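Right, one structure below, let's go through it.
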């Protein structure tokens, strides 16, 4: 079989057994985390009836995740990656068990809603610490398992697996909350993450790439930052993602829209949470067979701009089906952005620096999502829920316009 035929095979990466184990494990792990995140958002709003309290969930996670991200990248580069990943997933299982304990009737009779909410924030803070290490590990392991000629295909599958797990987790937990309640749902989440652990266990050890003269300690951390700063394609695409998602984090307010504005209950809440991921998985599957070949920089900016418009329409909508539809469309556009960003990060990063660069990438992603969740909660408290979402969408459009003018290299970029 010729090299050209191999490269055009949409299942090339999935034919590698070790990669399949990693992806199955990641699917179960991410599905469990999405179920946990969705459940916690609903749970906190039930306990407090305050949109700002939802924003504090993101802040609780992002502070440790971003603070430790650079150091985590250094640790990843000098460590055996499989062992580090399994430790992180194991700690996640422990955190879910703590949440399960907090959700029981016994705890509810012993603690006030205020103290239960505070304890949830503490657990989420701990998951932020764990996430600073586990988040970048998947990207580094993908690059060490898959040959370079199949890397773009592997990245597309990796994003598709993540999004499939996300949509399944969001939608499933809405039904579980409605039918079983919080405690049994958390038990299922714990089992889901444990099953992911078992699949990841079947991957092979991934030792550090020792290079003569390699920097250590904080000099190594700074080297990763310097590389991202000097590689303008990386810096531009990460900065665009940071500010666009920071202002466009309408998903954080979905519990409020589902319960108070659209009045669709936990099942509708689950579907609204899953809508963007449904759109993303549609485009991921499409782009697995029909990858982007030209003008990726312009298409990235168009996609992020369209995402901002979808956020505005969602904020103004009073119809469940219109809200669901624009969230699906926002997911399609976000999926395009994710594939372009993920491909640039992988193809522009040397193997021996993947842990540090992926950690910088994770720091930007964590900042945009979790700080965006906090920004949404704060804006909702100051402006009201609907104006805050519309404001965020408008700011996303402004960020895209500024990037179009100020970052011509990104606009003209092709890979």
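Numbering (this note's numbering), first residue to last: 60 to 474.
Heads up, the beta-carbon is just placed ideally off N, CA and C, and yes, glycines get one too.
What you are looking at is a predicted structure, and each value in this text was computed from that prediction instead of being measured.
| Check | Outcome |
| --- | --- |
| Beta-carbon proximity check, residue 468 vs residue 282, cutoff 8 Å | no |
| Three-state class that DSSP yields for residue 169 in the structure shown | helix |
| Residue burial classification, residue 68 (beta-carbon count within 10 angstroms, cutoff 16) | exposed |
| Residue 136 - containing alpha helix (DSSP H), residue span | 128-137 |
| C-beta contact flag for residue 347 and residue 219 at 8 Å | yes |
| Any 3 or more C-beta pairs closer than 8 Å across the stretch 139-148 and the stretch 259-267 | yes |
| Member of 471, 311, 349, 337 whose CA lies at the smallest distance from the CA of residue 438 | 311 |
| Residue from 381, 355, 287 whose Cα sits closest to the Cα of residue 327 | 381 |
| Closest by C-alpha distance to residue 501, when choosing among 111, 396, 135 | Missing from the structure shown is residue 501; the chain here goes from 60 to 474 and no further. |
| Nearest to residue 368 (by Cα), restricted to the options 455, 97, 332 | 455 |
| Rounded straight-line distance, which links the Cα of residue 185 to that of residue 435 | 22 Å |
| Close-in-space but distant-in-sequence residues of the same chain around residue 158 (CB under 6 Å, 5 per side omitted) | 182, 245 |
| Chain-order list of residues whose beta-carbon lies under 6 Å from that of residue 222 (same chain, five-residue window excluded) | 336, 339, 340, 343 |
| Burial state of residue 359, where buried means 16 or more other Cβ atoms lie within 10 Å | buried |
| Secondary structure of residue 240, DSSP reduced to three states | coil |
| Test item: CB-CB of residue 194 and residue 122 under 8 Å | no |
| Three-pair Cβ contact test at 8 Å for the stretch 201-217 versus the stretch 397-412 | yes |
| N-terminal and C-terminal residue of the alpha helix (DSSP H) that residue 318 is part of | That residue, residue 318, is in no alpha helix (DSSP H); it is neither H nor E in DSSP. |
| N- and C-terminal bounds of the alpha helix (DSSP H) containing residue 358 | 355-375 |
| Three-way DSSP call (helix, strand, coil) for residue 300 in this model | helix |
| Buried versus exposed call for residue 62 [16 or more other C-beta atoms within 10 Å across all chains shown] | Unreliable placement is indicated for residue 62, whose pLDDT of 41 sits below 50; the coordinate value is still reported in the next sentence. Exposed, since its Cβ has fewer than 16 Cβ neighbours within 10 Å. |
| Cβ neighbours of residue 463 in the same chain (closer than 8 Å, five flanking residues each side left out) | 360, 470 |
| Whether residue 259 touches residue 81 by CB criterion (8 Å) | yes |
| Close Cβ partners of residue 254 (< 6 Å) along its chain, the five nearest in sequence each way excluded | 87 |
| Alpha carbon of residue 235 to alpha carbon of residue 126, nearest angstrom | 34 Å |
| Exposure of residue 257, with buried meaning 16 or more beta-carbon neighbours within 10 Å | exposed |
| Opening and closing residue of the alpha helix (DSSP H) in which residue 311 lies | No alpha helix (DSSP H) holds residue 311; DSSP gives it neither H nor E. |
| Coarse secondary structure for residue 227, derived from DSSP in three states | helix |
| Within 8 Å, strictly: CB atoms of residue 363 and residue 459 | yes |
| For residue 202, three-class secondary structure by DSSP | helix |
| For residue 419 and residue 132, believed in contact at Cβ under 8 Å, the rounded distance | 7 Å |
| Cβ shell of residue 271 (< 8 Å), same chain only, five flanking positions each side left out | Because residue 271 sits at a pLDDT of 48, beneath the cut-off of 50, its placement in the model cannot be relied upon, and the following sentence gives the value as read from the coordinates. For residue 271, where only same-chain residues beyond five positions count, there are no Cβ hits under 8 Å. |
| Proximity of residue 192 and residue 103 at Cβ, strictly below 8 Å | no |
| Residue 72 - containing alpha helix (DSSP H), residue span | First-last for residue 72: undefined, no H or E at that position. |
| Alpha-carbon to alpha-carbon, residue 303 and residue 466 | 15 Å |
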